[in-house]
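Student: First the structure, then my questions, so here it is.
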Amino acid sequence: MGVLDELRKKADEKKAAEQQEAKINDQLETIYQTKILPKMQFMFDSFQEAINYLNFLKEPVQVKNYCPRYPQFGNLFQSNYRINTDGRIGLTDYNRLMQINISFFCEANGEFSYRMESDPLVEKEVQFLQAKKLYFDWKHHAPLGGAPYTIFTIQRKIPVTFRVEVDYQKSMLKVSIKNHENLQSFAKSFSPEQLDNDFLDSLLSYFLRKDNRFAKVDDISIENKNAIKAAVQSKAANYEQKYGQTPSSDDEPDSPKKNPIKSLFSKLHKKS
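Residues 1 to 272, numbered by my numbering, are exactly what the sequence shown covers, in order.
Given below as structure tokens:
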């Protein structure tokens, strides 16, 4: 192969790679525009409506015994809700939503203090409290004739965040939750098809501490769910071919879709 042929081959390979990359990017953008963006807009509209109601009603949600690790937090109250789509305090283009961030505080008056004596434990504690973005202070003491120690003082104020973000390359949506329960973090990815009214209802119910269905979502993969669905459809097709009809169903006719936000707030008012 001559030098020119070698250059021509390399150029063709690069051109083919660029065309393939452009094709993949076009496919990703099509999925984003047709499947992901409508779901993000649905989630944003729903959460914004819920937050407007909550901030208007000004009825704090009680959080009983928030943290076994720090029982001094005691009972807290959840309030002061905010929403942004830029990762700070603002809103980005509604037609290019890539993230939705909801924040609020679980708090109560006062603070509490505790003592630690081991330097490695003190350093580890500082790192933990900083990672959880708690409001705290610490002071070292070195008494004469005694072992040094550190006093930590923590405000009874915990920042909580719910985040829905687009995983563009995988065409998925990721839900991340921090500090909602016992200073723990939760993260799970979902397909756009999973974000329906039932999904929103379970997420809002968890958000308002009505139940914890959302935190216990099943771990069946999308591939396995599709395989199960295909098996059911295949069985139904075989039944129809053999008996000339589809299996009977006791399902009721489709009822009008419920608004999960109105449904949730109607439950709140019934209990009040």
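Cβ atoms here follow ideal geometry from the backbone N, Cα and C, with glycine treated the same way.
In chain order, which continuous runs of the alpha helix (DSSP H) of length 4 or greater are located wholly inside the region 164-225?
Tutor: The qualifying runs are 197-207.
Student: I'd like the list of long-range same chain contacts for N55, defined as Cβ closer than 7 angstroms, with 5 residues on each side in sequence excluded.
Tutor: Excluding sequence neighbours, N55 sits near Y81.
Student: Is there contact here, the region 93-111 with the region 148-160, by at least three beta-carbon pairs under 8 angstroms?
Tutor: Result yes; three or more Cβ-Cβ pairs closer than 8 angstroms.
Student: What residues are listed by DSSP as bridge partners for F162?
Tutor: The partner list for F162 (beta bridge, DSSP) reads I102, I177.
Student: Are the beta-carbon atoms belonging to F44 and I100 less than 9 angstroms from one another?
Tutor: Yes, these two residues count as a Cβ contact at 9 angstroms.
Student: If you count every other CB in all the chains shown that lies within 10 Å of the CB of T34, and 16 or more means buried, which is it?
Tutor: By the 10 Å Cβ count, T34 comes out exposed.
Student: Under 8 angstroms Cβ to Cβ from I102, same chain only, skipping five residues before and after it: list those, please.
Tutor: The residues are F47, I51, Y81, R82, I83, T161, F162, R163, F207.
Student: To which residues does DSSP link V61 through a beta bridge?
Tutor: Answer is Q78, bridged to V61.
Student: Could you please give the first and the last residue of the uninterrupted beta strand (DSSP E) stretch that includes D119?
Tutor: No beta strand (DSSP E) contains D119, which is instead part of the alpha helix (DSSP H) from 119-131.
Student: Between the beta-carbon of R115 and the beta-carbon of L37, is there less than 9 angstroms?
Tutor: Result no, Cβ atoms of R115 and L37 do not sit closer than 9 angstroms.
Student: Going by alpha carbons, who is nearest to S118 out of E49, P148, K139?
Tutor: Selected option, being the one with the closest Cα: P148.
Student: Confirm, please, whether the CB-CB distance from Y32 to V175 is below 9 angstroms.
Tutor: Taking 9 angstroms as the Cβ cut-off, V175 and Y32 do not qualify as a contacting pair.
Student: To the nearest whole angstrom, what separates the beta carbons of V61 and R209, a pair I think is in contact under 8 angstroms?
Tutor: The Cβ separation is near 6 angstroms, so the contact holds.
Student: Report buried or exposed for T85, applying the criterion of at least 16 other Cβ atoms within 10 angstroms of its Cβ.
Tutor: Flag for T85 reads buried.
Student: Given that a residue counts as buried once 16 or more other Cβ atoms are within 10 Å of its Cβ, and exposed if not, what is Q20?
Tutor: By the 10 Å Cβ count, Q20 comes out exposed.
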